[in-house]
Amino acid sequence: MTRPPGEPFRTGDKVEVSIDEEGFHGSWYEARVARFMPKLARYTIDYETIVVDTEECRPLRETVPASNVRPRPPHLGAAWYAIHQLVDAYHNEGWWTGVVSEVRSGEKYVNVFFPSSGETIAFSASEARAHLEWINDRWVVPDPRKTDI
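Counting from 1, one number per residue, gives the positions in the sequence shown under UniProt numbering.
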């Protein structure tokens, strides 16, 4: 998806959405834009991994502030992980920010520590990605010393 800087997302665009609720801080969920409401600076989105009814598998639809919506980060190809590196790991239907605490089996697996929950969980390298932040319409590699997670 390519869009000019500052332009709103369009219906059907693939995005990620953060949820401002207890227990969800630091996580991003894949979704598609269903509608943009410019006067309210809000989007109606359909989550791709969160469903309303597990029998029908109908995606959850919510209206969220535009500040909670970002494009999906670029795929950076094969990643090499290092201890203390900030990563996003795919867990509980979303991408959660954590810190690599161990790299195992020739970099095929990483243990990720999540400060928000105090948990350390093992992931295959394909279930993790380098942590990037969307700032001023650009993807930025954050300075780990200045990042609150």
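Glycine is no exception: its CB is placed at the ideal position from the N, C-alpha and C atoms. Note that the structure is predicted; figures quoted are calculated from it, not measured.
Taking the beta strand (DSSP E) that residue i falls in, what are its first and last residues?
| i | result |
| --- | --- |
| E16 | K14 to S18 |
| R32 | S27 to M37 |
| Y43 | R42 to D53 |
| I121 | E119 to S124 |
| N68 | Looking at the DSSP string, N68 is not in any beta strand (DSSP E), and its letter there is neither H nor E. |
| S101 | G94 to R104 |
Keeping to the same chain, check which residues put their C-beta closer than 7 Å to that of residue i; ignore five residues upstream and five downstream.
| i | result |
| --- | --- |
| V33 | F9, R10, T11, G12, D13, V15, Y43 and I45 |
| E55 | none |
| H25 | S116 |
| H131 | L86, V87, D88, T97 and P142 |
| M1 | Legend: pLDDT at M1 = 49, less than 50; position of this residue unreliable, no value from coordinates given. |
When the Cα atoms are used, what is the spatial distance from residue i to residue j?
| i | j | result |
| --- | --- | --- |
| Y47 | R61 | 6 Å |
| W139 | M37 | 24 Å |
| P59 | N92 | 15 Å |
| F123 | K39 | 42 Å |
| V51 | I19 | 15 Å |
| I83 | D53 | 39 Å |
| R70 | E21 | 18 Å |
| A66 | T49 | 20 Å |
Are residue i and residue j closer than 8 Å when you measure CB to CB?
| i | j | result |
| --- | --- | --- |
| G94 | S27 | yes |
| R72 | E7 | no |
Applying the 10 Å Cβ sphere with the 16-neighbour rule, what's the burial state of residue i?
| i | result |
| --- | --- |
| W96 | buried |
| A41 | exposed |
| R35 | exposed |
| H75 | exposed |
| V141 | exposed |
Whose C-beta lies closer than 8 Å to the C-beta of residue i among residues of the same chain, with five residues either side of it excluded?
| i | result |
| --- | --- |
| Y81 | V87, V100, V103, E107, V110, A125 and A128 |
What does a CB cutoff of less than 6 Å around residue i pick up in its chain, not counting 5 residues either side in sequence?
| i | result |
| --- | --- |
| Q85 | V100 |
| T120 | S101, N111 and F113 |
| residue 163 | As shown, the chain starts at 1 and ends at 149. That puts residue 163 outside it, with no answer to give. |
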